[in-house]
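**Student:**
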Amino acid sequence: MNKEIFNTFLIKYAEIGIKGNNRYLFEDALCAHIGAAMKTIPGRYITRKTPGRIFLECYNDEKKGDFDFDKVVEKLTHIFGIVYICPVIVTEDEGEERLREKCVDYWRSMYGENASGTFKVACRRGRKNYPLNSMEVAADIGEAMIDAFPNIKVDVRKPDKFLNVEIRDKIYIYSESIDGPGGMPVGTNGKGMLLLSGGIDSPVAGYMISKRGVSLDAVYFNAPPYTSERAKQKVIDLAKIISAYTGPINLHIINFTDIQLAIYEKCPHDELTIIMRRYMMRIAEHLAYENGCHGLITGESVGQVASQTFASLVCTNEVCTLPVLRPLIAFDKQDIVEISEKIGTYETSILPYEDCCTIFVAKHPVTNPSRPVIQKHEHKLDDVIEELLAKAYETDEIVEIGK
Ligand code: ATP
Ligand code: MG
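Just so you know, we're using the numbering used here here: the sequence shown kicks off at 590 and counts up by one.
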């Protein structure tokens with residue numbers, strides 16, 4: 590591909606195209622995210638919305654610097670809602686003969702004089718007053734292409750490449766499409782509170798839910814001095830990595846040490862993790878309500894560890910009234926690892942810093958907790974827990990990520 594010839598991208602979106610009367614909301618959100626992303630790289634940009642299509646025009650700018658094809662594409666591949674990114678030539682309607690020439694010139698600069706393989710011309714007319722119909726345009730250009738390039742052949746069934754020609758207010762020519770991340774524009778589907786640990790799973794869970802248009806806040810429970818500054822920094826770093834996709838995140842850091850110590854002191858050790866997880870959920874839910882979130886998001890996967898057996902999950906879930914979204918619930922670890930590699934969190938997630946869960950862990954945690962039993966043992970905290978919770982909320986340190 591010859592990147593030099595492009596200064597416009599056609600942005601294709603799928604699901605948001607079918608939202609009826611609300612469609613403009615999704616398109617506007619997508620345009621806003623594209624605009625915001627482009628502000629972070631050199632160049633000057635115009636996002637243009639036409640019926641069913643969004644175009645991004647890129648210009649060099651004296652003050653803001655020259656735009657760079659790869660940097661633009663890199664940004665666009667992080668914006669949920671985009672299905673394909675097509676570098677496109679935009680030209681005026683100067684008659685059929687000029688259009689044939691332009692298509693041939695385009696193909697030559699993309700694939701060279703000796704271009705080979707099979708192709709098909711796909712024409713769309715958004716403007717019905719064009720003198721030829723789509724079939725006629727395609728046949729006309731197809732013939733010119735075969736005349737110009739001896740090594741290419743038409744294949745109407747399964748061509749190697751499509752030469753797309755769209756006749757609208759202007760004429761658009763393109764043949765390459767780069768995959769976008771898919772999904773829906775962030776913020777079009779409310780906000781969730783992600784329980785973000787330093788592990789592999791929760792960043793992936795946040796990414797997945799955000800891909801469905803949900804924006805994120807996050808909460809991390811740390812336990813100084815049992816957990817270090819480095820462990821906390823790791824979580825901040827993970828939040829930064831996913832914020833390239835999810836947009837800005839308010840990360841709440843809650844000091845959980847005293848609650849953990851109280852549980853450790855008063856409750857049976859084989860139930861520590863479950864009881865601790867129940868308090869995490871309670872605190873996360875409190876923060877969710879305070880910050881306008883519709884529910885919680887965790888990286889839990891059924892059966893992965895003792896605290897994630899079906900029975901344990903039910904027991905953890907019981908303390909919440911808000912819905913808890915667990916996008917990884919039926920994923921194998923390897924599948925989660927693959928996503929974390931793809932989105933760039935894996936290397937950070939495997940850094941070996943201690944987590945609050947690993948420090949107060951029992952040798953033989955319960956795998957089939959009984960809810961009444963857990964409730965009974967939790968009552969041992971009755972004297973102290975209200976005060977400890979109030980103190981924990983006071984420690985809330987909000988780190989603004991990706992703003
Ligand atoms: P992860 O890889 O996401 O840490 P995990 O396999 O280590 O998950 P657990 O430690 O049982 O599993 O945690 C289950 C879920 O609880 C996590 O995915 C995360 O959503 C939440 N969680 C666990 N520890 C913390 C923490 N310290 N702060 C915030 N959330 C946490
Ligand atoms: Mg963990």
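Each residue gets a CB set at the ideal place from its N, CA and C atoms; glycine is no exception.
(1) Kindly provide the ranges of any alpha helix (DSSP H) runs that are 4 or more residues long and lie completely inside the segment 623 to 678, ordered along the chain.
(2) Would you mind working out which of Gly788, Asp659, Ala618 and Lys992 sits nearest Cys675, comparing C-alpha positions?
(3) Write down the C-beta distance between Leu911 and Ala877 rounded to the nearest angstrom, noting that I regard them as a contact closer than 8 angstroms.
(4) For the alpha helix (DSSP H) containing Asp806, list its first residue and its last residue.
(5) Quick test of your reading: Gly991 and Ser832, contact by CB under 8 angstroms. State the CB separation rounded to the nearest angstrom.
(6) In whole angstroms, give me the CA-to-CA distance for Tyr648 and Tyr602.
(7) Does the Cβ of Pro739 have 16 or more other Cβ atoms within 10 Å, making it buried, or fewer, making it exposed?
(8) Output the boundary residues of the alpha helix (DSSP H) element that contains Ile825.
(9) Considering only the beta carbon of each residue, do Leu914 and Ile925 sit closer than 8 angstroms?
(10) Can you tell me whether Phe899 sits near the ligand ATP, meaning its C-beta is under 7 angstroms from at least one heavy atom of the ligand?
(11) From Val950 to Leu861, what does the alpha carbon distance come to, in whole angstroms?
(12) Nearest CA to the CA of Ile886: which residue from Ser791, Cys856, Val973 and Glu975?
(13) Entirely within the segment 709 to 739 and at least 4 residues each: give me those alpha helix (DSSP H) ranges in chain order.
(14) Closer than 7 angstroms: is that where the CB of Val950 sits relative to any heavy atom of the ligand ATP?
(15) Check Tyr763 in the structure and name its three-state DSSP category.
(16) Grouping DSSP H, G and I as helix and E and B as strand, with all else coil, what is Arg871?
(17) So, Pro954 versus Asp859, is the Cβ gap smaller than 8 angstroms?
(18) Across which residues does DSSP place Arg801 in a beta bridge pair?
(19) Determine the contact status of Tyr673 and Pro770, defining contact as a CB-CB distance below 8 angstroms.
(20) Buried or exposed, going by whether 16 or more other CB atoms sit within 10 Å of the CB of Gln897?
(21) Does the separation of the CB atoms of Thr680 and Ile760 fall below 8 angstroms?
(22) If I'm right that Thr846 touches Ala812 with Cβ under 8 angstroms, what's the distance once you round it to whole angstroms?
(23) Going by beta carbon distance, what residues of the same chain come within less than 6 angstroms of Cys712, once the five residues before and after it are set aside?
(24) According to DSSP, simplified to helix, strand and coil, what is Glu755?
(25) Please determine whether the Cβ atom of Leu665 lies at a distance below 7 angstroms from any heavy atom of the ligand ATP.
(26) Tell me which residue opens and which closes the beta strand (DSSP E) that Met782 is part of.
(27) Tell me the DSSP bridge mates of His841?
(28) Which residue wins for smallest C-alpha separation from Gly787, given the options Val891, Ile623 and Ala820?
(29) Taking C-alpha atoms, which residue in Lys717, Arg746, Arg716 and Met699 lies nearest to Lys709?
(30) I think Ala981 touches Asn844, with their Cβ atoms under 8 angstroms apart; what is that distance to the nearest whole Å?
(31) Hey, could you find the ends of the alpha helix (DSSP H) Thr905 is sitting in?
(32) Which residues in the same chain have their Cβ closer than 7 angstroms to the Cβ of Thr984, if we skip the five residues on either side of it in sequence?
(33) Within this structure, are the beta carbons of Leu977 and Met869 separated by less than 8 angstroms?
(34) Just to confirm, does Met782 get its C-beta within under 7 angstroms of one of the non-hydrogen atoms of the ligand ATP?
(35) Do the CB positions of Asn957 and Ala900 come within less than 8 angstroms of each other?
(36) Determine the contact status of Met590 and Glu765, defining contact as a CB-CB distance below 8 angstroms.
**Tutor:** Taking the geometry as given:
(1) 658 to 665
(2) For the purposes of this step, residue 675 is identified with residue 86 of the sequence shown, where counting begins at 1. The shortest Cα separation from Cys675 among Gly788, Asp659, Ala618 and Lys992 belongs to Asp659.
(3) By one-based count along the sequence shown, residue 911 stands at place 322. By one-based count along the sequence shown, residue 877 stands at place 288. Correct: roughly 6 angstroms between the Cβ atoms.
(4) Here residue 806 refers to the residue found at position 217 when the sequence shown is read from its first residue. Counting along the chain, Asp806 falls outside any alpha helix (DSSP H), though it belongs to the beta strand (DSSP E) covering Ser804 to Asn811.
(5) Within the sequence shown, the letter at position 402 stands for residue 991. Within the sequence shown, the letter at position 243 stands for residue 832. That belief holds up - the Cβ atoms of Gly991 and Ser832 are roughly 3 angstroms apart, short of 8 angstroms.
(6) For the purposes of this step, residue 648 is taken as the residue at position 59 of the sequence shown. For the purposes of this step, residue 602 is taken as the residue at position 13 of the sequence shown. Using only the alpha carbons, I get a separation of about 23 angstroms.
(7) Translated into positions along the sequence shown, residue 739 becomes position 150. By the 10 Å Cβ count, Pro739 comes out exposed.
(8) One-based indexing of the sequence shown puts residue 825 at position 236. For Ile825, the uninterrupted alpha helix (DSSP H) run begins and ends at Glu818 to Thr835, by DSSP.
(9) Reading the sequence shown from its first residue, position 325 is the one you call residue 914. Reading the sequence shown from its first residue, position 336 is the one you call residue 925. No.
(10) Position 310 of the sequence shown holds residue 899. Flag unset: Cβ of Phe899 not near the ligand ATP.
(11) Position 361 of the sequence shown, counting from 1, holds the residue named residue 950. Position 272 of the sequence shown, counting from 1, holds the residue named residue 861. One C-alpha to the other measures close to 7 angstroms.
(12) Taking the first residue of the sequence shown as position 1, residue 886 is located at position 297. Ranking the options by Cα distance to Ile886, first place goes to Ser791.
(13) Taken in chain order, the complete alpha helix (DSSP H) segments of 4 or more residues contained in the segment 709 to 739 are 723 to 737.
(14) Here the question's residue 950 lines up with position 361 in the sequence shown. No; taking the cut-off as 7 angstroms, the Cβ of Val950 has no heavy atom of the ligand ATP nearer than that.
(15) Working through the sequence shown from its first residue, we reach residue 763 at position 174. It is a strand residue.
(16) Your numbering for residue 871 matches position 282 in the sequence shown. Helix at Arg871.
(17) Residue numbering aside, residue 954 sits at position 365 when the sequence shown is read from its first letter. Residue numbering aside, residue 859 sits at position 270 when the sequence shown is read from its first letter. In this structure, Asp859 lies closer than 8 angstroms to Pro954 by Cβ.
(18) Along the sequence shown, read from residue 1 onward, the residue named residue 801 stands at position 212. Answer by DSSP bridge pairing, in chain order: Met773.
(19) As a position in the sequence shown, residue 673 is number 84, starting the count at 1. As a position in the sequence shown, residue 770 is number 181, starting the count at 1. No, these two residues do not count as a Cβ contact at 8 angstroms.
(20) In the sequence shown, the residue the question calls residue 897 occupies position 308. Under this definition Gln897 is a buried residue.
(21) Translated into the one-based positions of the sequence shown, residue 680 becomes position 91. Translated into the one-based positions of the sequence shown, residue 760 becomes position 171. For Thr680 and Ile760, yes; Cβs fall inside 8 angstroms.
(22) If you number the sequence shown from 1, residue 846 lands on position 257. If you number the sequence shown from 1, residue 812 lands on position 223. The Cβ separation is near 4 angstroms, so the contact holds.
(23) Position 123 of the sequence shown holds residue 712. Taken in chain order, the residues that qualify are Ser723, Val726, Ala727 and Val754.
(24) Taking the first residue of the sequence shown as 1, we reach residue 755 at position 166. DSSP places Glu755 in strand when its eight states are reduced to three.
(25) Position 76 of the sequence shown, counting from 1, holds the residue named residue 665. Not so, every heavy atom of the ligand ATP lies at least 7 angstroms from the Cβ.
(26) Residue mapping note: residue 782 aligns to position 193 of the sequence shown, counting from 1. Where Met782 is concerned, the enclosing beta strand (DSSP E) stretches over Lys780 to Leu784.
(27) Taking the sequence shown and counting its residues from 1, one reaches residue 841 at position 252. DSSP lists Val808 and Ile987 as partners of His841.
(28) Here residue 787 refers to the residue found at position 198 of the sequence shown. Comparing Cα positions, the closest option is Ala820.
(29) Numbered from 1 along the sequence shown, position 120 holds the residue referred to as residue 709. Closest option to Lys709, Cα to Cα, is Arg746.
(30) The residue given as residue 981 occupies position 392 in the sequence shown. The residue given as residue 844 occupies position 255 in the sequence shown. Confirmed, Cβ separation roughly 6 angstroms.
(31) Position 316 of the sequence shown holds residue 905. From DSSP, the alpha helix (DSSP H) with Thr905 extends over Phe899 to Asn906.
(32) Here the question's residue 984 lines up with position 395 in the sequence shown. Closer than 7 angstroms at Cβ, skipping near neighbours: Ile843 and Asn844.
(33) The sequence position of residue 977 within the sequence shown is 388, counting from 1. The sequence position of residue 869 within the sequence shown is 280, counting from 1. The answer is no: Cβ separation not under 8 angstroms.
(34) On the sequence shown, residue 782 is found 193 positions in, with the first residue counted as 1. It does not: the Cβ of Met782 is nowhere closer than 7 angstroms to a heavy atom of the ligand ATP.
(35) For the purposes of this step, residue 957 is taken as the residue at position 368 of the sequence shown. For the purposes of this step, residue 900 is taken as the residue at position 311 of the sequence shown. In contact: Asn957 and Ala900 (Cβ atoms closer than 8 angstroms).
(36) The residue labelled residue 590 in the question sits at position 1 within the sequence shown. The residue labelled residue 765 in the question sits at position 176 within the sequence shown. Yes, they are a contact pair.
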